[in-house]
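Each residue of the sequence shown is one higher than the last, beginning at 62 in our numbering. Every residue gets a Cβ at the ideal spot worked out from N, C-alpha and C, and that includes glycine. This one's a predicted model, so the numbers in the text were calculated from it and none came from an experiment. As structure tokens, the structure follows; a few thoughts come after it.
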Amino acid sequence: MLGSYLYILLIAVALGAVTQWYVNSAFTRQSKVPLATGHTGAQIARNMLDAEGLHDVGIERVSGRLSDHYDPRARVLRLSPDVHDGSSVAAAGVAAHEAGHAVQHARSFAPAQLRQTLVPAANIGSQAAFPLIILGAIMGGAGGLMTLGILLFAAAVAFHVVTLPVEFDASRRALGALNVGNTLPAEQVRGARTVLTAAALTYVAATLVSVLQLVYFLGLARR
62 MLGSYLYILL IAVALGAVTQ WYVNSAFTRQ SKVPLATGHT GAQIARNMLD
112 AEGLHDVGIE RVSGRLSDHY DPRARVLRLS PDVHDGSSVA AAGVAAHEAG
162 HAVQHARSFA PAQLRQTLVP AANIGSQAAF PLIILGAIMG GAGGLMTLGI
212 LLFAAAVAFH VVTLPVEFDA SRRALGALNV GNTLPAEQVR GARTVLTAAA
262 LTYVAATLVS VLQLVYFLGL ARR
């Protein structure tokens, strides 16, 4: 059984390395393509938010590379320097994607609401599941520690699974906004799609690995 888990870890490392390389490669490549409109990522996001009536959603510049995210509690888009100030196809795609999350929040998109609900359980599960499962295995499953650990880990897996439709929908909204009124030429929209597809693959890989781990733990519990 230990050998099986080592295979899962190898798969996780390999998928993580490949998807991260693909994301960086796609972003770097499209970062070299100047945006036809000359707009920065911040302007692209602002235009998309305003078109949706979300004038009160703020946009902030934060440090880091690809550290972009939407904070639903503060109702703020936080964009990395390359995206906030960049005037490239990559910057437009990422900025519009994060604006898509703000639109989801405003429209009460069900999967996004469910994901937000799962955050506390997923955080606890990601931290406490492994110690409980290992301790339960050492004790031969006594006291239900392994079962508790697996249930907590299942919450983290559920978070990963629910994340997929949330991310796919945000990209769909982003590409739709970039297409409206021929905002960008078709080839630049395709370039933005390349960046967003690469980013989506990281979520797919993480979900696959977490599901494999859950299956492994369930098999371990049966034994």
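Does residue i pass the burial test, meaning 16 or more other C-beta atoms within 10 Å, or should it be called exposed?
i, result
"Q188", "exposed"
"A75", "exposed"
"Y68", "exposed"
"R234", "buried"
"G114", "exposed"
"L279", "exposed"
"R176", "buried"
"L193", "buried"
"G322", "As shown, the chain starts at 62 and ends at 284. That puts residue 322 outside it, with no answer to give."
"T80", "buried"
"A266", "buried"
"G210", "buried"
"A253", "buried"
"A87", "buried"
"A183", "buried"
Measuring straight from C-alpha to C-alpha, what distance separates residue i and residue j?
i, j, result
"A152", "A103", "9 Å"
"F214", "G99", "46 Å"
"R251", "A97", "13 Å"
"D146", "H130", "15 Å"
"S65", "N108", "50 Å"
"S149", "A190", "42 Å"
"T255", "S232", "11 Å"
"P95", "T101", "10 Å"
"V144", "S128", "9 Å"
"V180", "R134", "13 Å"
"Q174", "I185", "19 Å"
"G125", "L275", "32 Å"
"E228", "T244", "22 Å"
"V84", "M200", "42 Å"
"V123", "H162", "17 Å"
"P226", "T268", "12 Å"
"I195", "P172", "32 Å"
"A261", "A282", "32 Å"
"V223", "T263", "14 Å"
"L70", "A259", "22 Å"
"D132", "D111", "17 Å"
"D230", "S169", "13 Å"
"G205", "V164", "42 Å"
"G77", "A167", "32 Å"
"L212", "I72", "23 Å"
If you follow the alpha helix (DSSP H) that residue i is part of, which residue opens it and which one closes it?
i, result
"R251", "A247 to R283"
"P172", "A171 to I199"
"L209", "L206 to N240"
Flag residue i as yes when its Cβ comes closer than 6 Å to any non-hydrogen atom of the ligand NAD, and as no otherwise.
i, result
"A267", "As for the ligand NAD, it is missing from this structure, which has no ligand bound."
### Message
Check whether the segment 154 to 162 and the segment 238 to 256 touch, using three or more Cβ-Cβ pairs below 8 Å as the test.
### Response
yes
### Task
Mind the definition here: the segment 102 to 119 touches the segment 127 to 144 only if three or more C-beta pairs lie below 8 Å; say whether that holds.
yes
### Message
To test your reading of the DSSP string, which unbroken beta strand (DSSP E) runs of 3 or more residues are found completely within the segment 98 to 158?
### Response
119 to 122, 130 to 132 and 137 to 140
### Task
Decide if the segment 262 to 275 is in contact with the segment 216 to 224; the criterion is three or more beta carbon pairs, one per stretch, under 8 Å apart.
yes
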